[in-house]
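Per numbering that gives the first Met the number 0, the sequence shown starts with residue 0, numbered consecutively. We put the CB at the ideal spot given by N, CA and C, even for glycine. For reference, the structure discussed in these notes is given below.
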Amino acid sequence: MLVAFGVLGLAQVGTPLVLDKSATPGDIALAVFGDKAYAPAVMRATNSKALVDPTFARIPTLDAVLPAGAKVWIPEETWAKAFLAVWDPNRVENLFGGGKLVVGSWWTAGGEAEGLEALFALYRGAYADVVVVNATVAGGAGFAFKAVLKPRLIAGDPPDAFQLHAGLEVEGYSPEVYLHPLDDLYSIFGWDKVFPPDLLTLLRYQDHYWGVPVNIHRANVLWYSKDIFARYNLTPPANWDEFFQICEFLKGRGIVPITLANAGGWEAPHLFETILASTLTPAEYRGLWTGETSWTHPGVTRALEILKKILDYVNPDYSAHTWDTVLEYIAAGNGAMNVMGDWAMGWFMAKGVDVGWAPVPGAKGVFVALSDTFAFPKRASNPINAMGWLEVCGSKAGQIAFNMRKGSIPARTDITPQEKAQFNPYLQSCMDDWARDAIVPSVMHGAAAPESWVVDFKDAINLFLVTRDVARTQAALVAAAKAALGQ
Ligand code: GAL
């Protein structure tokens with residue numbers, strides 16, 4: 000008799016089957032799937048179950064004859080197909096289940112750590128036989144993580160899956176050498192139908208998919224202290240003039256008007272990219288990364304002037320703060336505003352802080368976007384476990400559980416109104432903005448430019464913090480674009 004088990008609607012859903020006569024895995028595969036080729040999937044799925052439930056048979060080889068009465072696990076056909084797409088017949092150990100799942104990321108701060116843990120919980124629910132190893136390297140935006148990951152990839156000792164921004168960031172990993180193309184998994188799991196077309200375009204590099212997106216983040220949000228704004232009867236600034244009036248007003252009152260971090264060296268450049276998206280039109284901003292907009296544009300000059308002026312109103316200890324520690328200023332009522340991606344909302348949620356939000360001044364209707372994905376190294380030690388992880392990441396249940404803690408929104412387009420209602424008001428408004436705003440790519444988070452350009456951009460802004468020289472910095476940005484675009 001077949002009994003249907005659903006594990007949260009994802010990941011190795013299957014059914015137990017008690018044999019009424021002796022059979023090999025091939026016989027079972029033929030009877031259930033109409034094709035003997037599914038035998039390895041039946042063997043692996045059954046052996047995985049046997050590790051946590053001794054009533055299941057242990058299948059020692061692909062031609063073993065199991066006696067009548069043996070209990071096997073019939074995986075769902077989707078999982079079985081994905082297994083066959085990933086399985087390497089030369090690695091028989093992958094027919095035995097168990098082992099580890101090593102997931103590399105930089106999600107250690109409030110909100111992002113909780114989101115990751117929610118994905119792990121779903122994974123463990125579906126794959127109780129696997130030990131999950133959380134291989135994080137702390138440091139927002141992943142610059143520290145990437146520096147550790149690259150030598151591991153080259154040495155052939157990578158994690159089983161790792162965090163990768165959608166977009167040109169993948170170029171820095173020589174994907175054709177080190178990563179599995181994921182096209183098969185995209186069509187098996189239907190991801191090519193369920194993610195938005197623009198994101199699918201961003202995810203394709205050299206005509207292949209290399210990562211499974213878990214979310215969409217917005218980079219350009221102005222967070223503000225509701226208490227401070229209410230106390231002084233302030234409203235969120237719609238443009239930079241209003242912003243600086245508020246800064247001037249608060250400066251004399253012992254409050255840090257705009258909090259800034261830069262311990263990671265990326266936070267101030269992140270602020271700068273969000274200013275660029277306010278002083279240029281969306282088309283002009285996009286053109287900066289394609290060569291259609293010159294970096295000599297007056298909108299770039301103005302963005303540098305705004306950043307320069309902001310530096311008069313920030314906490315003096317900004318170079319000692321990371322994106323998350325500086326938010327303590329707002330939580331404690333000592334700082335009024337902050338510009339950061341909406342992972343900050345994940346942090347505020349994790350800390351129980353009720354915070355206000357608005358678009359970065361002058362950028363209403365403009366959504367600076369990025370997406371976190373997981374990539375799959377060719378030399379992963381536990382490829383079947385990695386495949387199950389990617390399935391969880393791309394699943395609806397995974398995207399809901401993760402994003403409501405992470406401060407981001409699902410990348411999937413099939414979220415129902417009832418599911419949307421489970422998200423907090425900020426995230427619901429972000430889903431609305433994602434659907435109607437002009438979408439432009441983030442540079443500091445991998446979407447707009449290749450790694451080498453990102454680093455030049457970052458260095459130019461870090462130097463600017465010291466020199467405050469607008470003309471020299473703009474010239475450096477022009478030179479960086481020239482080097483990257485070969486113009
Ligand atoms: C970004 C990443 C986000 C968030 C942030 C801070 O690069 O896309 O998910 O983690 O760094 O760590």
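Nearest-angstrom Cα separation, counted from residue j out to residue i
i	j	result
Trp433	Val359	15 Å
Leu270	Val136	23 Å
Val477	Thr289	13 Å
Asp197	Ala79	30 Å
Arg123	Val129	7 Å
Phe188	Leu389	10 Å
Lys250	Ile329	15 Å
Ala488	Val211	Residue coverage of the chain in this structure runs from 0 to 486, which leaves residue 488 outside it and unanswerable.
Gln486	Trp294	12 Å
Gly286	Tyr204	19 Å
Thr321	Thr258	11 Å
Met336	Tyr312	10 Å
Ile227	Gly332	7 Å
Arg43	Pro416	38 Å
Val352	Cys429	18 Å
Val147	Gly103	10 Å
Gly25	Ala36	7 Å
Pro236	Ala483	35 Å
Leu18	Val41	13 Å
Lys308	Pro256	12 Å
Gly5	Ala125	With a pLDDT of only 34 at Gly5, under the threshold of 50, the placement of this residue in the model should not be trusted, and no figure is reported.
Ile399	Asp371	14 Å
Pro157	Leu118	20 Å
Val367	Leu202	16 Å
Gly520	Ser380	There is no way to answer for residue 520, as the model of the chain reaches only from 0 to 486.
Asp323	Gly109	8 Å
Ile27	Ala38	7 Å
Tyr284	Leu306	17 Å
Paired residues, beta bridge with residue i - DSSP
i	result
Lys225	DSSP output for Lys225 lists no bridge partner at all.
Ala357	Leu221
Ala368	Arg217, Pro440
Asn423	The partner list for Asn423 (beta bridge, DSSP) is empty, contrary to what the question assumes.
Thr135	Ser104
Met336	Tyr223, Ile257
Trp72	Pro15
Ile408	Ile215
Ala22	Leu65
Lys99	Val130
Residue range of the beta strand (DSSP E) that includes residue i
i	result
Asp371	371 to 374
Gln162	160 to 164
Thr14	13 to 17
Val85	Where Val85 is concerned, there is no enclosing beta strand (DSSP E), although the alpha helix (DSSP H) it sits in stretches over 76 to 85.
N-terminal and C-terminal residue of the alpha helix (DSSP H) that residue i is part of
i	result
Trp322	Run containing Trp322: none; DSSP gives neither H nor E here.
Thr258	Here Thr258 belongs to no alpha helix (DSSP H); instead the beta strand (DSSP E) covers 255 to 258.
Gln497	Only positions 0 to 486 of the chain appear in the structure, and residue 497 is not among them; the question remains open.
Gly345	342 to 350
Asn314	Where Asn314 is concerned, there is no enclosing alpha helix (DSSP H), given that its DSSP letter is neither H nor E.
Ile414	Ile414 -> no alpha helix (DSSP H), and no H or E assigned at all.
Lys149	142 to 153
Trp452	450 to 466
Ser380	Neither: Ser380 is in no alpha helix (DSSP H) and is coded neither H nor E.
His269	266 to 278
Pro281	281 to 287
Val51	38 to 51
Val169	Taken as a continuous stretch (DSSP letters only), Val169 belongs to no alpha helix (DSSP H), as it is neither H nor E.
Arg471	469 to 484
Leu118	111 to 125
For the pair the stretch 413 to 427 and the stretch 243 to 250, tell me if three or more CB-CB distances fall below 8 Å.
Fewer than three beta-carbon pairs drawn from the stretch 413 to 427 and the stretch 243 to 250 are found closer than 8 Å, and the two stretches are therefore not classed as touching.
> What runs of the alpha helix (DSSP H), each 4 residues or longer, lie entirely inside the stretch 173 to 248?
Replying inline: Complete alpha helix (DSSP H) runs here, min 4: 174 to 177, 182 to 188, 190 to 193, 196 to 202, 225 to 230.
Legend entry - At least 3 beta-carbon pairs within less than 8 Å: the stretch 174 to 191 vs the stretch 301 to 318: Cβ pair count under 8 Å is below three, so no.
query = Below 8 Å, can you find three or more Cβ-Cβ pairs linking the stretch 71 to 90 to the stretch 378 to 392?
reply = Short answer: they touch.
Stretch-stretch touch, CB-based, cutoff 8 Å, three pairs: the stretch 52 to 62 with the stretch 332 to 347: Inter-segment contact for the stretch 52 to 62 and the stretch 332 to 347 is absent: fewer than three beta-carbon pairs are separated by less than 8 Å.
Review point. Does the stretch 437 to 450 come within contact of the stretch 398 to 415, defined as at least 3 CB pairs closer than 8 Å?
Key: Remark: fewer than three beta-carbon pairs, one from each stretch, lie closer than 8 Å, so the stretch 437 to 450 and the stretch 398 to 415 are not flagged as touching.
ask   = Counting pairs of Cβ atoms below 8 Å between the stretch 467 to 474 and the stretch 450 to 458, do you hit three or more?
value = Fewer than three pairs of CB atoms, one per stretch, sit closer than 8 Å, so the stretch 467 to 474 makes no contact with the stretch 450 to 458.
The stretch 390 to 400 contacting the stretch 225 to 239, beta-carbon criterion three pairs below 8 Å: By the Cβ criterion, the stretch 390 to 400 is not in contact with the stretch 225 to 239, since fewer than three pairs of Cβ atoms, one from each stretch, lie closer than 8 Å.
* Asked: Is the stretch 98 to 113 in contact with the stretch 137 to 157, if contact means three or more CB pairs nearer than 8 Å?
  -> Result yes; three or more Cβ-Cβ pairs closer than 8 Å.
Is the stretch 112 to 121 close to the stretch 163 to 178, with three or more CB pairs under 8 Å? Not touching, per the Cβ criterion.
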